[in-house]
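A.B. asks:
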Amino acid sequence: MLNSPATRHPSGFTPLPSPKTSQSTGSRHRSHSPGAPRPPFPDLHRHKAPKKEPPKPSHSPSQGRTPRQSERAPCPAPSPQYCLSGHPTLPCNVLKFKSTTIMLDCGLDMTSTLNFLPLPLVQSPRLSKLPSWVLKDGSTFLDKELKECSGHVFVDSVPEFCLPETELLDLSTVDVILISNYHCMMALPYITEYTGFTGTVYATEPTVQIGRLLMEELVNSIERVPKAQSASMWKNKEVQRLLPAPLKDAVEVSMWRKCYTMPEVNAALSKIQLVGYSQKIELFGAVQVTPLSSGYALGSSNWIIQSHYEKVSYVSGSSLLTTHPQPMDQASLKNSDVLILTGLTQIPTANPDGMVGEFCSNLAMTVRNGGNVLVPCYPSGVIYDLLECLYQYIDSAGLSNVPFYFISPVANSSLEFSQIFAEWLCHNKQTKVYLPEPPFPHAELIQTNKLKHYPSIHGDFSNDFKQPCVVFTGHPSLRFGDVVHFMELWGKSSLNTVIFTEPDFSYLDALAPYQPLAMKCVYCPIDTRLNFIQVSKLLKEVQPLHVVCPEQYTQPPPTQSHRTDLMIDCQPPAMSYRRAEVLTLPYKRRYEKIEIMPDLADSLVPLEIKPGISLATVSAVLHTKDNKHVLQLPPKPPQPPASKKRKRVSDDVPECKSLKPLLSGSIPVDQFVQTLEKHGFSDVKVEDTAKGHIVLLQEAETLIQLEEDSTHIICDNDEPLRVKLRDLVLKFLQKF
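When we follow UniProt numbering, the leftmost residue of the sequence shown carries the number 1, and every step to the right adds one.
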């Protein structure tokens with residue numbers, strides 16, 4: 001049995017240089033006539049198109065458009081997403097998109113600090129007298145590392161943070177980092193300074209400036225309370241399993257690290273390139289990224305990552321509520337192949353407006369009763385909205401004479417930044433700037449001495465401090481910062497109240513090392529990010545083909561397993577991921593754009609093979625640079641050197657033989673069998689295969705393989721028979 005020259009009619013485009021390539025304004029099947037040269041490496045460079053209808057690009061800005069002369073279709077390439085963080089609101093993902101490696105956010109999980117004792121600004125007799133924790137067998141080798149307080153065990157060391165995964169892939173290969181908001185950049189120094197990262201970071205100006213303030217406050221709060229001892233023995237896996245919860249259940253403790261330093265912060269921030277909303281940034285000619293307003297915080301962004309035919313939307317920390325930032329840009333998220341969704345509200349059952357009302361009423365009640373109010377908070381974000389609500393509330397509530405203190409190493413900078421980033425604010429606040437009026441009312445509170453800000457509890461604050469009062473200070477974890485001092489100072493009186501407004505930490509876990517506690521505790525978490533009802537409406541509006549999200553969003557909360565409304569419900573079902581998992585995004589690269597030089601385009605002679613579809617053959621050179629592809633005219637063959645010697649006829653350069661015409665079309669099996677029977681083949685049998693059909697001619701001991709992109713005639717060394725069958729096959733194909 002001999003395999004004769006194959007009659008091929010591959011579908012799709014053959015984009016790379018070949019002796020003869022075909023270019024079209026629509027999809028087609030192409031057939032090489034017997035003996036014609038084949039394209040090189042067809043399996044690498046040819047994409048199979050559907051049998052009956054023209055291939056279309058994947059859902060993208062060009063959807064619904066047939067491929068133009070400047071387009072080609074390579075083989076699909078997988079697009080993996082590496083999930084480096086297990087915290088849904090502090091994400092860190094790496095996306096390989098075309099030839100570019102993109103990190104989406106680098107959030108720092110600070111909930112690990114809840115396992116450590118607080119860092120008091122002044123010596124705390126209570127904390128220093130806590131008993132050591134001893135193993136059940138009486139072993140005391142951990143007595144200097146672990147302390148016990150009211151049934152809870154804490155690590156007596158400098159607080160440590162849970163970093164994103166660094167071993168899932170080589171982070172030095174990351175080309176760019178896209179930052180969505182200032183809360184999602186807190187791990188940036190760990191990434192840029194310890195992994196060999198040499199790329200560029202993109203973020204808006206408010207994100208960078210406020211992110212710097214958060215990092216500066218974090219570093220300052222920890223460095224000003226040095227801890228002599230460092231605990232590490234408890235991290236041993238064999239030891240950790242003997243510890244009580246939650247230390248026993250803490251994950252990735254080997255990844256926990258101490259806080260970075262200000263030089264590392266400055267080095268990391270120096271790698272950031274500032275961008276504006278809707279600004280299009282080209283990455284190596286292959287990918288375009290664009291930040292969009294997410295409506296959550298000053299300068300917060302969602303990101304569009306797209307090529308000519310693929311579009312990925314990254315939605316992280318977004319809000320549809322009317323607060324101080326610019327509103328969310330939803331329209332630009334439409335027509336996405338994949339929408340990666342992170343950073344939803346952490347308290348989906350709480351209404352932000354209702355929480356603000358409870359905050360104000362509990363604050364007023366405490367102050368009227370002669371108590372003080374402590375509000376653990378970040379130096380930016382929700383505090384702006386709280387101060388605005390209090391501005392409208394204090395007079396009617398009779399709180400005009402109650403002092404409000406904002407204590408943070410970056411308090412002054414934070415209040416000033418909120419007033420100067422006018423272009424990043426909502427329309428109502430932007431208009432105030434041009435009146436001119438300050439966009440936030442806390443400027444008036446400062447002018448009237450109702451709100452005073454200080455870098456720390458030392459210095460001027462000690463002289464101005466009056467009670468009863470309201471103090472805004474950090475850190476919300478209650479493990480470091482000035483808040484530790486006020487918890488020790490006011491915790492013994494039931495007149496005082498601590499009001500938790502930040503949802504990032506469990507307030508019960510935050511309070512654990514201060515027990516027993518006499519002061520009242522009120523939980524009024526204010527989270528303006530998208531809830532599941534808003535997500536459902538958003539997805540119906542923008543209609544992505546696929547949704548990818550953390551696994552926490554694809555199932556009800558563990559404590560409310562019956563609440564199926566507290567999860568993402570979409571069709572097709574969302575793909576979920578977890579920490580240290582690699583996910584293949586559910587789209588394939590199908591097309592790549594190629595430009596044709598004008599002189600080459602002028603040389604094309606399209607031939608209409610059926611209404612609306614024309615084909616033209618083209619011989620060209622593919623030039624690729626910076627991920628941009630151009631088809632150019634092939635170079636002319638070099639002319640022979642001039643010679644005075646008279647040439648004989650045999651010395652002339654032979655003319656190139658004209659290439660045989662190409663073929664297109666498909667072979668209908670039933671009609672082909674009838675044709676065979678008319679030409680004397682009576683014992684024809686047809687078998688279906690995964691790739692097409694096999695036609696068996698039993699008497700002739702011959703088989704014909706009919707596949708989507710090729711036809712093979714296999715006979716027993718009978719050339720006349722092969723030629724006869726070839727001619728019958730060619731009757732069903734068109735020449736061009």
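Glycine included, each C-beta is placed from N, C-alpha and C at the ideal position.
Quick caveat: nothing in here was measured; it's all calculated off a predicted structure.
(1) I believe K466 touches F404 by the beta-carbon criterion, under 8 angstroms. Please report the beta-carbon distance rounded to the nearest angstrom.
(2) Considering only the alpha carbon of each residue, which of E388, I407, S157, I446 lies closest to K429?
(3) Counting pairs of Cβ atoms below 8 angstroms between the stretch 531-550 and the stretch 372-385, do you hit three or more?
(4) Tell me R257's beta-bridge partners as DSSP assigns them.
(5) Out of I177, V402, A422, state which residue places its alpha-carbon closest to the alpha-carbon of G469.
(6) Under 8 angstroms: do the stretch 132-140 and the stretch 305-322 share three or more Cβ pairs, one atom per stretch?
(7) Note the first and the last residue of the continuous alpha helix (DSSP H) segment covering F406.
(8) Hey, could you find the ends of the alpha helix (DSSP H) C83 is sitting in?
(9) Leaving out five residues before and five after E358 in sequence, what residues of the same chain have Cβ atoms less than 6 angstroms from its Cβ?
(10) Look at the alpha carbon of Q346 and the alpha carbon of D504, and state the distance between them as a whole number of angstroms.
(11) Among all the DSSP beta bridges, which residues are the ones paired with S301?
(12) Going straight from the alpha carbon of E581 to that of H546, what length do you get?
(13) Can you give me the Cβ contacts of K691 inside the same chain, cut-off strictly under 7 angstroms, excluding the 5 residues immediately before and after it?
(14) Quick check on G151: buried or exposed, where buried means 16 or more other Cβ atoms within 10 Å of its Cβ?
(15) Are residue 752 and P189 closer than 8 angstroms when you measure CB to CB?
(16) Please classify T198 as buried or exposed, where buried requires at least 16 neighbouring CB atoms within 10 angstroms.
(17) For D718, I'd like the list of residues in its chain whose CB is within less than 8 angstroms of its CB, leaving aside the five on either flank, ordered along the chain.
(18) Which term fits residue 802, buried or exposed, when burial requires 16 or more other beta carbons within 10 angstroms of its beta carbon?
(19) Quick check: what's the CA-CA separation for L243 versus S301?
(20) Just to confirm my understanding: we take D464, look at its own chain, exclude 5 residues before and 5 after, and list those with CB closer than 7 angstroms. What are they?
(21) Are the stretch 549-559 and the stretch 389-400 touching by the rule of at least three beta carbon pairs closer than 8 angstroms?
(22) Please report the straight-line C-alpha distance between F461 and V483, rounded to a whole angstrom.
(23) Are the CB atoms of L84 and P164 within a distance shorter than 8 angstroms?
(24) Applying the 10 Å Cβ sphere with the 16-neighbour rule, what's the burial state of I533?
(25) Quick one, which of K235, L214, R126 has its alpha-carbon nearest N115's?
(26) Which class does V134 belong to by DSSP, given the choice of helix, strand or coil?
(27) Assign Q306 to one of two classes, buried (16 or more other C-beta atoms within 10 Å of its C-beta) or exposed (fewer than that).
(28) Helix, strand or coil: how does DSSP classify N220 here?
(29) Do you know offhand how far C162's Cα is from E252's?
(30) Would you tell me roughly how many angstroms separate the C-alpha atoms of Y454 and R224, rounded to the nearest one?
(31) Within the chosen definition, does the stretch 632-639 reach the stretch 584-600 through at least 3 CB pairs nearer than 8 angstroms?
(32) Applying the criterion that 16 or more other CB atoms from any shown protein chain within 10 Å of the CB defines a buried residue, is N181 buried or exposed?
(33) Excluding the 5 residues preceding and the 5 following K258 in the sequence, name in chain order all residues of the same chain whose CB lies nearer than 6 angstroms to its CB.
(34) Between N220 and P409, which are expected to be in contact by the criterion C-beta below 8 angstroms, what is the C-beta distance as a whole number of angstroms?
(35) Rounded to whole angstroms, what is the Cα-Cα separation between K432 and G459?
(36) On the three-state DSSP scale, how would you describe I617?
C.D. replies: In terms of the structure at hand:
(1) The pair is not a contact, with the Cβ atoms about 11 angstroms apart (cut-off 8 angstroms).
(2) E388
(3) no
(4) F161
(5) It should be noted that the sequence gives Cys, not Gly, for residue 469. Minimum Cα distance to C469 is reached at V402.
(6) no
(7) That residue, F406, is in no alpha helix (DSSP H); its beta strand (DSSP E) goes 404-407.
(8) Premise fails: C83 lies in the beta strand (DSSP E), 80-83, not in any alpha helix (DSSP H).
(9) C524
(10) 8 angstroms
(11) S293
(12) 18 angstroms
(13) E707, E708
(14) exposed
(15) The requested residue 752 is not part of the displayed model; the chain covers only 1 to 736.
(16) exposed
(17) A700, T702
(18) Past the edges of the chain, shown from 1 to 736, lies residue 802, and the structure says nothing about it.
(19) 41 angstroms
(20) K452
(21) no
(22) 14 angstroms
(23) yes
(24) exposed
(25) K235
(26) coil
(27) buried
(28) helix
(29) 7 angstroms
(30) 16 angstroms
(31) yes
(32) buried
(33) V158, E160
(34) 4 angstroms
(35) 35 angstroms
(36) For the sequence presented, residue 617 should be read as Thr rather than Ile. DSSP places T617 in strand when its eight states are reduced to three.
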